[in-house]
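Here is the structure we will look at.
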Amino acid sequence: MTAEASKKPSGNEIREKFLQFFESKGHRRVRSSSLVPHGDPTLLFTNAGMNQFKDVFLGLEKREYTRATTAQKCVRAGGKHNDLENVGFTKRHHTFFEMMGNFSFGDYFKKDAIAYAWELITSPEWYGIAKDKLYVTVFGGAEVSAGTTLGVDEEARKYWLEQHVAPERVFAIPGLKDNFWAMGDTGPCGPCSEIHYDMGPEASDEGHTDCKFPCDCGRYVEIWNLVFMQFNRDASGKLTPLPKPCVDTGLGLERVAAVLQGVISNYDTDFFVPLMKRAAELCGVDFRKEEALEEGKGGAASLRVIADHARATTFLITDGVLPSNDGRGYVLRKIMRRAIYHGRLLGTAKPFLHLLVPEVVRLMTQPAQRVPYPELLENPDQVERVVYEEEKRFTHTLDVGLKKLDDLASAQRRQSARYLEFYENLIPNDKELATEAFTRISRMLRERGAGLPPYPQNRELVDQYLGDSEPAGNRFNPIVAEALDHQLLLEGEAAFQLYDTYGLPRDFIDDVARDAGVKVDWQGFEQAMQEQRTRARASWKGGSKEVANPAYAKLAETFRTEPDFYFETSTKDCRIEAIFTVIQDAGPAGSRRYQGVEELKAGESGEVVLDRTVIYAESGGQMADTGTFYDSSESLPLAEVTGAYYPVAGLVAHRVTAKETLRVGDRVAVVADADRRARIMRNHSGTHLVHAALRNILGTHVKQAGSLNAPERLRFDFSHFAPVGQEELRDIEQQVNEEIRVNTQIETGVMSLEEALNSGALAFFGDKYPESNVRVVTIPDPRAPRGFYSKELCGGTHVHRIGDIGVLKIVSEESVAAGVRRIEAVTGIGALEHYQHQANTLRELAGRLNVGEDSVLASVEKLARTARTLEKELEAQKRKGALNQLDELFAQAKTIKGVKVVCGEVGNVDRDGLRQLVDSLRQKLGSGVVVLGMPEEGKVALIVGVTKDLTAKVHAGKLIQVLAKRVGGSGGGRPDLAEAGGKDTWALKTVLQDVPTLLESLL
Ligand SMILES: [Zn+2]
Ligand SMILES: [Zn+2]
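So the number in my numbering is just where the residue sits in the sequence shown, counting from 1, plus 128.
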């Protein structure tokens, strides 16, 4: 290999070098955004470096820098970009990967982007890759929208040549597939330029020995894509040059690591090898031996799957995704389960995946002085625990699913055995038997129910077969063969259920089915999966907030709503900037469509944008305000405001119903419901207190998983594994209320994200934070070591002094999902109402018990004690009653033809007591017949017992049938014991009286 390969920089060094290189070129090093995309409901996971800058590229957001560089964590799993099932079986498919990027927001363009890329890649000071291994491509021209054709990107070619790239190594690739990029059907788009590396003929997947660039056999690998956002494409397809073109690049870190470490497969780099070694150790296999096994079960592929999936799992859970049955959690669960399944293939049935978490954390937090993903260090134990729980759960599911599959397979086997047996017994050439055989086979097939293949069922067909001179048996052969074939098919729907509900991977189902001699209907499986995908997509879109719609996005290009709600709840002279009405409700695509209108008439509903507002728009878990638009005299209500939200960042849309005509350009006074807002603010500040207290008392692994600040109560969801104990809840409540009494003044400040995080402010994944101008809400506490009790990034409204909350009372604690708990609490007036309600209940209770309120508990305890005593007494009475009756009945025993007979009516026992009574009497008699009757809740119960020596003469079952008829019922039983029930209670006495006569005739 070349000299630079022998140096073998580590993957972590390669990442750090990239960032340092661009820092040296005046780029701001920006932290990777969360894998959970901010405010982009169309995206399941962050999958490119540009995701976090989307609004900047669209001109909707301004940053304080125009050059940025990032190492972005990305996940692609499922969907069009990546088939999960390929991962582990190729050299370069991953679920989790890192995308290195440099970005220019209207700053430099093609010339510098190309010069930077070439310098980093080839300069011996940086990556130092040999130039004779490199090829570059430029856009080669294509029809980019109907009627608009762009030619070759000669500009880009010129700049590559200026870097002394040999002209024969610069390729213009026509078409849209590889070298043209667009954000969507409309919006920024432009040509791309790529750098490719020649891995040598040994990398060819097709065994090419001397193919030329750009053969796509695997030998030539794209390592860097430079996107030049040059145009804006409008709805008609027309391209207009952007006044400030941008650059977005993506360099695949794992690929470049393979290049610089002199290996062909990404999996042979130091990002994966240590993980695969550890996985082999945990699964109890030999890494070298497995590595050599490329075919069949287990082997290197399984180790690669586990290594890749351990990375995705660790990063996703760190970013707050938890395994679940829908959305992101579902994808995570699929990834984890696939890894666990491959552990099984390697021969381990024990939880092992969680033990790879520390290894991923160790690998991905280097270099220590500039940790690329510091979030991994926050709570690795918690991540490990989530994985462990899922492993335990899946082991169980797997066992259940396997059993289910096994059941299905053996049922199929039994069925087919029956066919065979039947067919073998069939006598060939016997028309009658053959006809019957056919009928029976048809019937059996029909009985199999839905999914039955169409099958000839008419008799004529049989006659046709049998009318032939050939032996009927031969004619039946194909029919039975076909029947057996269908019989041994695992239907697609059932297979998909095993896959989807029981979590059995496809190849797992295939293997087990094959072993059982059952075919799987994979076509039906695909169909079922397609249906599921459609459903999932519908629920995914429907479940998230509305997609920013073009009408609002356009307005946001030039306009922002001034937020006055931090300072007051009423204001005058706000200008109506725009009015929108919904022209199409959320359809299957999930997005509403709006149109701008000039006015809204009285009685109509719509959405109004003002230049400034005091109505708080729903965000950060805080509910929107409600309120009213008035005319300038503040006496005439113009519209009722039922809520407000952000259709795009920075723009508040008020949901209104007009009472008078509203026109664009009108000035209105805006009044928010101040009392409602005050309640919400108390709850929001209370949420911050509860959050801090939870971290103090339960530990810093507690992470916010969602919150709601409503007027009535506050809700706080957080990650924590066990239920919070009563004592802990009391401690939390006490600490919070102590803090309230310190009554410090809440501080809000605006600073850079970096500054905020350094000062100890808590930020949460899933929330959108700009780089600069983040709002920080601090609850100071002079007693605390850092001078504050709580510090959070928050855009909500808060009370002035923390004492304004009054009091906070926790009202419930429960589980909402695996590993997520929910606390609900009330504050201020809400707390007062809560106490009043409880006091009322107590007062009422005391009234009913006729005691003082302080004595309620003692009184209830006394009542419970009394009830227990009474129950015991009642039972004792019953037992005593039964015993008394026993003695009484025995004393009345008669002798009929030498046989002792006990016959009578009993009461106050239950059925069991009745049976015991018969048993005791039989024992006491030694030899004899017992007949007892009992009225029971308007009905009659009868029982006959006969000692064994007499059952030949008197059959209890038969005797009771006779007796039962006479009380209008029925019964039966064994020769020695039989029971009956009837409805004619009035007949009981006579029936019992007649028993001796009846017996006399029998004996
Ligand atoms: Zn080739
Ligand atoms: Zn907040």
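Ideal placement from N, C-alpha and C gives every residue a C-beta, glycine not left out.
**Message:** Bridge partners for E226 per DSSP, in chain order?
**Reply:** For the purposes of this step, residue 226 is identified with residue 98 of the sequence shown, where counting begins at 1. DSSP output for E226 lists K201 as bridge partner(s).
**Message:** Does Q750 pass the burial test, meaning 16 or more other C-beta atoms within 10 Å, or should it be called exposed?
**Reply:** Within the sequence shown, numbered from 1, the residue matching residue 750 stands at position 622. Per the 10 Å Cβ criterion, buried.
**Request:** Grab me the residues of E488's own chain with a C-beta within less than 6 Å of its C-beta, minus the 5 sequence neighbours each way, in chain order.
**Result:** For this step, residue 488 is matched to residue 360 along the sequence shown. Glu is not the amino acid found at residue 488; the sequence shown has Val there. Hits under 6 Å: A438, R439 and T442.
**Request:** Go ahead and label S983 buried or exposed: buried means 16 or more other beta carbons lie within 10 angstroms of its beta carbon, across all protein chains shown.
**Result:** Indexing the sequence shown from 1 puts residue 983 at position 855. S983 comes out exposed.
**Request:** Would you mind sorting N353 into buried or exposed? The rule is 16 or more other CB atoms within 10 Å of its CB.
**Result:** Here residue 353 corresponds to residue number 225 of the sequence shown, with the count starting at 1. The residue is buried, with at least 16 neighbouring Cβ atoms inside 10 Å.
**Request:** Evaluate the contact criterion for the segment 179-194 versus the segment 210-223: three or more CB pairs, one atom per stretch, below 8 Å.
**Result:** Judged by Cβ distances under 8 Å, the segment 179-194 makes no contact with the segment 210-223, as fewer than three pairs qualify.
**Message:** Quick check on DSSP: helix, strand or coil for E696?
**Reply:** Translated into the one-based positions of the sequence shown, residue 696 becomes position 568. Three-state result, E696: coil.
**Item:** Rounded straight-line distance, which links the Cα of G834 to that of R858
**Value:** Counting from 1 along the sequence shown, the entry for residue 858 is found at position 730. Counting from 1 along the sequence shown, the entry for residue 834 is found at position 706. Straight through space, the alpha carbons of G834 and R858 are spaced by roughly 22 Å.
**P319 versus L147: straight-line alpha-carbon distance, rounded** = Taking the sequence shown and counting its residues from 1, one reaches residue 319 at position 191. Taking the sequence shown and counting its residues from 1, one reaches residue 147 at position 19. Rounded to the nearest angstrom, the two C-alpha atoms are 24 Å apart.
**Message:** Please report the distance separating the alpha-carbon of K1000 from that of V1123.
**Reply:** Taking the sequence shown and counting its residues from 1, the one referred to as residue 1000 is at position 872. Taking the sequence shown and counting its residues from 1, the one referred to as residue 1123 is at position 995. Near 36 Å, if we compare the C-alpha coordinates of V1123 and K1000.
**Item:** Start-to-end residues for the alpha helix (DSSP H) that takes in E621
**Value:** Translated into positions along the sequence shown, residue 621 becomes position 493. It spans G620 to D628 - the alpha helix (DSSP H) in which E621 sits, taken as one unbroken run.
**Request:** For my contact list, F231 and M178 are in at a C-beta cut-off of 8 Å; report their separation, rounded to the angstrom.
**Result:** Mapped onto the sequence shown, residue 231 falls at position 103. Mapped onto the sequence shown, residue 178 falls at position 50. A Cβ-Cβ separation of about 7 Å places F231 in contact with M178 under the 8 Å criterion.
**Message:** Could you compute how far the alpha carbon of S672 sits from the alpha carbon of H166?
**Reply:** The residue labelled residue 672 in the question sits at position 544 within the sequence shown. The residue labelled residue 166 in the question sits at position 38 within the sequence shown. Per-residue confidence for S672 stands at a pLDDT of 34, beneath the threshold of 50, marking its modelled position as unreliable; no derived number is given.
**Message:** I707 and G724 - do their beta-carbons sit closer together than 8 Å?
**Reply:** Here residue 724 refers to the residue found at position 596 of the sequence shown. Here residue 707 refers to the residue found at position 579 of the sequence shown. In this structure, I707 lies closer than 8 Å to G724 by Cβ.
**Item:** Limits of the alpha helix (DSSP H) - the one that V1095 falls within
**Value:** Taking the sequence shown and counting its residues from 1, the one referred to as residue 1095 is at position 967. It is not in any alpha helix (DSSP H) - V1095 carries neither H nor E in the DSSP assignment.
**Prompt:** DSSP state of F299, grouped into three classes?
**Reply:** In the sequence shown, residue 299 corresponds to position 171, counting from 1. It is a strand residue.
**Message:** Do E1107 and L1070 count as a contact pair if the criterion is CB distance below 8 Å?
**Reply:** Translated into the one-based positions of the sequence shown, residue 1070 becomes position 942. Translated into the one-based positions of the sequence shown, residue 1107 becomes position 979. Result yes, Cβ atoms of L1070 and E1107 sit closer than 8 Å.
**Message:** Is any non-hydrogen atom of ligand 2 found closer than 7 Å to the C-beta of V905, if you look at the structure I gave you?
**Reply:** Along the sequence shown, read from residue 1 onward, the residue named residue 905 stands at position 777. Checking the Cβ of V905 against ligand 2 gives yes.
**Request:** With a threshold of 7 Å, establish whether the CB of H928 neighbours any heavy atom of ligand 2.
**Result:** Translated into the one-based positions of the sequence shown, residue 928 becomes position 800. No, ligand 2 has no heavy atom inside 7 Å of this Cβ.
**Message:** On a Cα-Cα basis, can you pick out the residue from G1109, A1010, A781 and A407 that is closest to L484?
**Reply:** Walking along the sequence shown from the start, residue 484 turns up at place 356. Nearest C-alpha to L484: A407.
**Prompt:** Under three-state DSSP, which class holds C339?
**Reply:** For this step, residue 339 is matched to residue 211 along the sequence shown. Correct three-state label for C339: coil.
**Request:** Could you tell me if the beta carbon of R347 falls within a distance shorter than 7 Å of some heavy atom in ligand 1?
**Result:** Here residue 347 refers to the residue found at position 219 of the sequence shown. Yes - ligand 1 has a heavy atom lying nearer than 7 Å to the Cβ of R347.
**Message:** Please list the terminal residues of the continuous beta strand (DSSP E) segment that includes N360.
**Reply:** Position 232 of the sequence shown holds residue 360. Y348 to R361 is the span of the beta strand (DSSP E), which, as asked, contains N360.
**Prompt:** Applying the criterion that 16 or more other CB atoms from any shown protein chain within 10 Å of the CB defines a buried residue, is E518 buried or exposed?
**Reply:** Working through the sequence shown from its first residue, we reach residue 518 at position 390. Looking at its Cβ environment, which holds 16 or more other Cβ atoms inside 10 Å, E518 is buried.
**Message:** Would you say the beta carbon of Y815 is closer than 7 Å to some non-hydrogen atom of ligand 2?
**Reply:** The count along the sequence shown starts at 1 and reaches residue 815 at position 687. Inspection of the sequence shows that residue 815 is occupied by Thr rather than by Tyr. Yes, since a heavy atom of ligand 2 falls inside the 7 Å radius drawn around the Cβ of T815.
**Asked** Quick one, which of G1066, R634, K919 and G814 has its alpha-carbon nearest E952's?
**Response** Position 824 of the sequence shown holds residue 952. Checking every option, the nearest Cα to that of E952 belongs to G814.
**Item:** Segment limits, beta strand (DSSP E) that includes M404
**Value:** Counting from 1 along the sequence shown, the entry for residue 404 is found at position 276. M404 -> not in any beta strand (DSSP E); alpha helix (DSSP H) instead, spanning V401 to C411.
**Message:** Between which residues of its own chain and I301 is the CB-CB distance below 6 Å, once the five residues before and five after are set aside?
**Reply:** Position 173 of the sequence shown, counted from the first residue, corresponds to residue 301. Closer than 6 Å at the Cβ level, and outside the excluded window around I301, lie T265, G268 and N307.
**Message:** Measuring only the C-alpha atoms, how far is T1118 from L1002?
**Reply:** Reading the sequence shown from its first residue, position 990 is the one you call residue 1118. Reading the sequence shown from its first residue, position 874 is the one you call residue 1002. Their Cα atoms are separated by approximately 31 Å.
**Message:** Taking contact to mean 3 or more Cβ pairs, one atom from each stretch, closer than 8 Å, check whether the segment 1008-1015 and the segment 1030-1038 are in contact.
**Reply:** yes
**Request:** Using three-state DSSP, classify I323 as helix, strand or coil.
**Result:** Counting from 1 along the sequence shown, the entry for residue 323 is found at position 195. Three-state DSSP puts I323 in a strand.
**Request:** Report the partner residues of V784 according to the DSSP bridge assignment.
**Result:** Along the sequence shown, one-based indexing puts residue 784 at 656. The partner list for V784 (beta bridge, DSSP) reads G734 and V769.
**Prompt:** For D845, which of helix, strand or coil comes out of DSSP?
**Reply:** Taking the sequence shown and counting its residues from 1, the one referred to as residue 845 is at position 717. Three-state result, D845: strand.
**Distance, M227 Cα to L842 Cα** = Position 714 of the sequence shown holds residue 842. Position 99 of the sequence shown holds residue 227. Approximately 39 Å, taken between the alpha carbons.
**Prompt:** Would you call the segment 721-740 and the segment 783-797 in contact, with 3 or more CB pairs under 8 Å?
**Reply:** yes
**Item:** Whether L163 touches L444 by CB criterion (8 Å)
**Value:** The residue labelled residue 163 in the question sits at position 35 within the sequence shown. The residue labelled residue 444 in the question sits at position 316 within the sequence shown. The answer is yes: Cβ separation under 8 Å.
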